[in-house]
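Engineer:
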Amino acid sequence: MNSAPAPSGFAPGSHLIAAHGGGAFAFAGMSHAGSILATPRGVRALEARSVEDLDEHALAPLIVECVEAPGSIEFLVIGTGAGMAPIARALKDALREAGLRFEAMATGPALRVYNVMQSENRRVAAALIAAP
5 MNSAPAPSGF
15 APGSHLIAAH
25 GGGAFAFAGM
35 SHAGSILATP
45 RGVRALEARS
55 VEDLDEHALA
65 PLIVECVEAP
75 GSIEFLVIGT
85 GAGMAPIARA
95 LKDALREAGL
105 RFEAMATGPA
115 LRVYNVMQSE
125 NRRVAAALIA
135 AP
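For this note's numbering, add 4 to where a residue sits in the sequence shown, where the first one is 1.
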């Protein structure tokens with residue numbers, strides 16, 4: 005495991021997402037305004053304000069985690085914001101190349117799917133665009 009200090013705005017470990025709304029999420033006893041990326045290694049800020057901002061650069065920590073720990077994540081839930089929106093073909097290709105299965109849906113349903121999969125001890129990650 006990497007011994008480097010955790011990046012700022014990072015909650016180490018796997019966490020259920022307790023709540024969302026008003027452009028924020030609650031998890032690990034804290035709240036975060038803006039989008040988040042939740043993986044088995046932790047929850048961090050996601051530099052994306054809309055689904056159009058989701059690309060390999062925004063999801064680099066997810067891709068790195070898949071490379072460093074093959075099989076640690078089997079499924080990615082993508083929350084696209086207040087409504088359903090398609091993700092770019094280039095991102096789909098990059099996720100497949102990383103060995104991930106994925107599904108995109110509005111953030112509310114995505115968060116619920118993520119939490120259910122988490123409670124079942126599945127190897128799941130979520131990229132969740134903050135919704136109003």
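Even for Gly, the Cβ is constructed at its ideal location relative to N, Cα and C.
#1: Might you give, ordered along the chain, the residues of its own chain that have their beta carbon closer than 7 Å to the beta carbon of Ala-62, omitting 5 neighbours on each side?
#2: Comparing the CB of His-24 with every heavy atom of the ligand NAD, is any distance shorter than 6 Å?
#3: Here's a check: name, in chain order, each residue in its chain whose Cβ is nearer than 8 Å to the Cβ of Arg-126, leaving out the five neighbours to either side.
#4: Just to confirm, are Ala-130 and Gly-38 a CB contact at a threshold of 7 Å?
#5: With DSSP as the reference, label Ala-94 as helix, strand or coil.
#6: If you run the structure through DSSP and keep just helix, strand and coil, what is Ser-18?
#7: Give the C-beta separation of Gly-83 and Ala-110 to the nearest angstrom, bearing in mind that I take them to be a contact with Cβ-Cβ under 8 Å.
#8: Could you tell me which residues DSSP puts in a beta bridge with Gly-83?
#9: How long is the line joining the alpha carbons of Ala-92 and Ala-108, rounded to whole angstroms?
#10: Report the rounded CA-to-CA distance for Ala-86 versus Ser-76, giving the unit in angstroms.
#11: Taking the CB atoms as reference points, tell me whether His-36 and Phe-29 lie closer together than 7 Å.
#12: In whole angstroms, what is the alpha-carbon distance linking Ile-67 and Leu-58?
Structural biologist: In terms of the structure at hand:
#1: Leu-50, Glu-51, Ala-52
#2: Here there are no bound small molecules, and the ligand NAD is not part of this structure.
#3: Glu-78, Phe-79
#4: no
#5: helix
#6: coil
#7: 7 Å
#8: Met-109, Leu-132
#9: 11 Å
#10: 29 Å
#11: yes
#12: 13 Å
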